[in-house]
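*Asks:* Take this structure first; my questions come after.
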Amino acid sequence: TRVRVMELEESPNVSFKNVGGLKEEIEEVREAVEYPLTKPEVFERIGVEPPKGILLYGPPGTGKTLIAKAVANQANATFIRMSGSELVHKFIGEGAQLVRDLFTLARERSPAIVFIDEIDSIGSMRTQDGTSGSAEVQRTLMQLLAEMDGFDNRGNVRIMAATNRVDMLDPALLRPGRFDRILEVSLPDESARLEILKIHSSKLNMKNVDLLDLVKLTENTTGAEIQAICREAGMIAVRKDLNYVTMKNFEDAVLKVRKKNKTEDIMYI
Ligand code: ATP
Numbered sequence: 002t003r004v005r006v007m008e009l010e011e012s013p014n015v016s017f018k019n020v021g022g023l024k025e026e027i028e029e030v031r032e033a034v035e036y037p038l039t040k041p042e043v044f045e046r047i048g049v050e051p052p053k054g055i056l057l058y059g060p061p062g063t064g065k066t067l068i069a070k071a072v073a074n075q076a077n078a079t080f081i082r083m084s085g086s087e088l089v090h091k092f093i094g095e096g097a098q099l100v101r102d103l104f105t106l107a108r109e110r111s112p113a114i115v116f117i118d119e120i121d122s123i124g125s126m127r128t129q130d131g132t133s134g135s136a137e138v139q140r141t142l143m144q145l146l147a148e149m150d151g152f153d154n155r156g157n158v159r160i161m162a163a164t165n166r167v168d169m170l171d172p173a174l175l176r177p178g179r180f181d182r183i184l185e186v187s188l189p190d191e192s193a194r195l196e197i198l199k200i201h202s203s204k205l206n207m208k209n210v211d212l213l214d215l216v217k218l219t220e221n222t223t224g225a226e227i228q229a230i231c232r233e234a235g236m237i238a239v240r241k242d243l244n245y246v247t248m249k250n251f252e253d254a255v256l257k258v259r260k261k262n263k264t265e266d267i268m269y270i
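Once you know that position 258 of the sequence shown is 259 in our numbering, the rest is easy, because the numbers rise by one and skip nothing.
Here's what the structure looks like:
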């Protein structure tokens, strides 16, 4: 069962070409994560310590995991993802040990990038639900802090984390020597949406589809939603047995994906 909570990929099959927009964010992540792995001598020559960990925050589906995988690919590093919420909800009593295992594995498979998704599940200021997990969650967090304190900024294991709720994080996680770089990944603007639309429609056979019109129609959507819209437009065309995906198919797909996500939002409340 130990492997399930961790997902390991050797040099993931995602490159910067698969990421729409987010140019500055990518550059920041490369500085903090990739260059210390690929050109450590520059940091040494200049005499600067690379940041120990970088935290990405922003709405779900905006490309945080995607950036992390692309950087791992670029650095030819092993990508090891651990889900904070799975750790807390499915592996009760094993949290601290799993965190220890995570870092052991990363050292064995180095150069490696450790990516802790939904870190707020382990590192929240308060426990929201007050369930029995809280003392255990606290132990898991202490173990994570100990692992981070115990290793060298210049080593060939880099740590990234992601959250949708940066406001809830325990300040202990954000102290110097821990996640000392914080980077916002926000909703894509028009030019980013155009790039994302191009990426996810590249394989579709389309007729008279104006991506610039779609940029307008997809205001306030995430990259993940744009991907879903492209797939849905294709599925509608399949269902109608068309030869091409049409603009109308895209318009229907936008409505469908927006409606679906709205109901999900309501279900959360
Ligand atoms: P979560 O907080 O839910 O983990 P996330 O920010 O990590 O979300 P990703 O897992 O990176 O989101 O995005 C999900 C999928 O949406 C990606 O695999 C990709 O296909 C698509 N996607 C999201 N953002 C972008 C983007 N900027 N460019 C291209 N595709 C994107």
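C-beta: ideal position from N, C-alpha, C; glycine also.
Determine the burial state of V272: buried for a count of at least 16 other Cβ atoms within 10 Å of its Cβ, exposed for fewer.
*Replies:* Nothing about residue 272 can be read from this structure; the chain reaches only from 2 to 270.
*Asks:* Does any heavy atom of the ligand SAH sit closer than 7 Å to the C-beta of V138?
*Replies:* By its list of ligands, the structure shown excludes the ligand SAH, since it contains just the ligand ATP.
*Asks:* Looking only at its chain, what residues have a beta carbon closer than 7 Å to the beta carbon of K100, apart from the 5 residues adjacent to it on each side?
*Replies:* Here residue 100 is taken as the residue at index 99 of the sequence shown, counted from 1. The sequence shown places Val at residue 100, not Lys. Excluding positions up to five away in sequence, the list reads T141, Q144, L145, E148.
*Asks:* Starting from V246, follow its DSSP beta bridges and name the residues at the other end.
*Replies:* One-based indexing of the sequence shown puts residue 246 at position 245. Per DSSP, M207.
*Asks:* For E11, which residues from the same chain have a beta carbon less than 7 Å from its beta carbon, with the 5 sequence-adjacent residues on both sides left out?
*Replies:* Counting from one through the sequence shown, the residue named residue 11 turns up at place 10. Counting only Cβ-Cβ distances below 7 Å, and skipping sequence neighbours, we find T79.
*Asks:* Give me the residue from E252, Y58, E25 with the minimum Cα distance to A163.
*Replies:* To locate residue 163, count along the sequence shown from 1; it is residue 162. Out of E252, Y58, E25, Y58 has the C-alpha closest to the C-alpha of A163.
*Asks:* With 16 other CB atoms within 10 Å as the buried threshold, where does M126 fall?
*Replies:* On the sequence shown, position 125 is the one that residue 126 refers to. Label assigned to M126: exposed.
*Asks:* Just mark R159 as buried or exposed, buried being the case when its beta carbon has 16 or more other beta carbons within 10 Å.
*Replies:* Along the sequence shown, read from residue 1 onward, the residue named residue 159 stands at position 158. Buried, by the Cβ-count rule.
*Asks:* Looking at the strands, I want to know which residues DSSP matches up with A173.
*Replies:* Mapped onto the sequence shown, residue 173 falls at position 172. Answer is none; A173 lacks a bridge partner.
*Asks:* On the DSSP letters alone, give me the boundaries of the beta strand (DSSP E) that D118 sits inside.
*Replies:* What you label residue 118 is simply residue 117 of the sequence shown in a count that begins at 1. Counting along the chain, the beta strand (DSSP E) containing D118 begins and ends at 113-118.
*Asks:* Near S122, which residues of its chain fall below 6 Å by C-beta distance, leaving aside the five closest residues on each side in sequence?
*Replies:* Working through the sequence shown from its first residue, we reach residue 122 at position 121. Once the five neighbours on either side are set aside, the close Cβ partners of S122 are G85, S86, V89.
*Asks:* Identify the continuous alpha helix (DSSP H) that holds D214 and give its terminal residues.
*Replies:* As a first step, residue 214 must be located in the sequence shown, where it is residue number 213. Note, D214: alpha helix (DSSP H), 212-218.
*Asks:* Work out the CA separation of H201 and E137 for me, nearest whole Å.
*Replies:* The residue you call residue 137 lines up with position 136 of the sequence shown. The residue you call residue 201 lines up with position 200 of the sequence shown. Spanning the two alpha carbons is a distance of roughly 41 Å.
*Asks:* Does DSSP classify G96 as helix, strand or coil?
*Replies:* In the sequence shown, the residue the question calls residue 96 occupies position 95. Reduced to three states, the DSSP call for G96 is helix.
*Asks:* If you compare alpha carbons, which of K24, G64, K91 is closest to E226?
*Replies:* In the sequence shown, residue 226 corresponds to position 225, counting from 1. Nearest C-alpha to E226: G64.
*Asks:* Inspect the beta-carbon positions of L103 and I68 and report whether they are closer than 8 Å.
*Replies:* Along the sequence shown, one-based indexing puts residue 103 at 102. Along the sequence shown, one-based indexing puts residue 68 at 67. Cβ distance not < 8 Å, so L103 and I68 don't count as in contact.
*Asks:* What residue does the alpha helix (DSSP H) around E26 start on, and which one ends it?
*Replies:* Here the question's residue 26 lines up with position 25 in the sequence shown. Per DSSP, E26 belongs to the alpha helix (DSSP H) from 24-30.
*Asks:* What is the residue span of the alpha helix (DSSP H) that I197 lies within?
*Replies:* Taking the first residue of the sequence shown as position 1, residue 197 is located at position 196. It spans 191-202 - the alpha helix (DSSP H) in which I197 sits, taken as one unbroken run.
*Asks:* If we count the other Cβ atoms within 10 Å of its Cβ and call it buried at 16 or more, is E196 buried or exposed?
*Replies:* For the purposes of this step, residue 196 is taken as the residue at position 195 of the sequence shown. Burial call: buried.
*Asks:* DSSP three-state label for I81, please.
*Replies:* The residue you call residue 81 lines up with position 80 of the sequence shown. Strand, per DSSP.
*Asks:* Across the region 208-215 and the region 170-188, are there enough close Cβ pairs to call them in contact, namely three or more that are closer than 8 Å?
*Replies:* Not touching, per the Cβ criterion.
*Asks:* Measuring only the C-alpha atoms, how far is A97 from F17?
*Replies:* Here residue 97 refers to the residue found at position 96 when the sequence shown is read from its first residue. Here residue 17 refers to the residue found at position 16 when the sequence shown is read from its first residue. About 34 Å.
*Asks:* Return the first residue and the last residue of the alpha helix (DSSP H) that I68 is part of.
*Replies:* Residue numbering aside, residue 68 sits at position 67 when the sequence shown is read from its first letter. Per DSSP, I68 belongs to the alpha helix (DSSP H) from 65-75.
*Asks:* Heavy atom of the ligand ATP less than 7 Å from the Cβ of A71, yes or no?
*Replies:* Along the sequence shown, one-based indexing puts residue 71 at 70. Flag unset: Cβ of A71 not near the ligand ATP.
*Asks:* Opposite L38 in the DSSP bridges: which residues?
*Replies:* As a first step, residue 38 is located in the sequence shown; it is residue number 37 there, counting from the start. Paired residues: none, contrary to the question.
*Asks:* Under DSSP, the alpha helix (DSSP H) around I183 begins and ends at which residues?
*Replies:* Here the question's residue 183 lines up with position 182 in the sequence shown. Where I183 is concerned, there is no enclosing alpha helix (DSSP H), although the beta strand (DSSP E) it sits in stretches over 180-185.
*Asks:* Are L13 and N77 closer than 8 Å when you measure CB to CB?
*Replies:* Position 12 of the sequence shown, counted from the first residue, corresponds to residue 13. Position 76 of the sequence shown, counted from the first residue, corresponds to residue 77. Sequence inspection shows Pro at residue 13; the Leu mentioned does not correspond to that position. Contact: no.
*Asks:* Please classify I55 as buried or exposed, where buried requires at least 16 other C-beta atoms within 10 Å of its C-beta.
*Replies:* One-based indexing of the sequence shown puts residue 55 at position 54. Result: buried.
*Asks:* Check the C-beta distance from L205 over to G235 and give it rounded, since I have them as a contact under 8 Å.
*Replies:* Here residue 205 refers to the residue found at position 204 when the sequence shown is read from its first residue. Here residue 235 refers to the residue found at position 234 when the sequence shown is read from its first residue. Contact flag correct, Cβ pair sits at about 5 Å.
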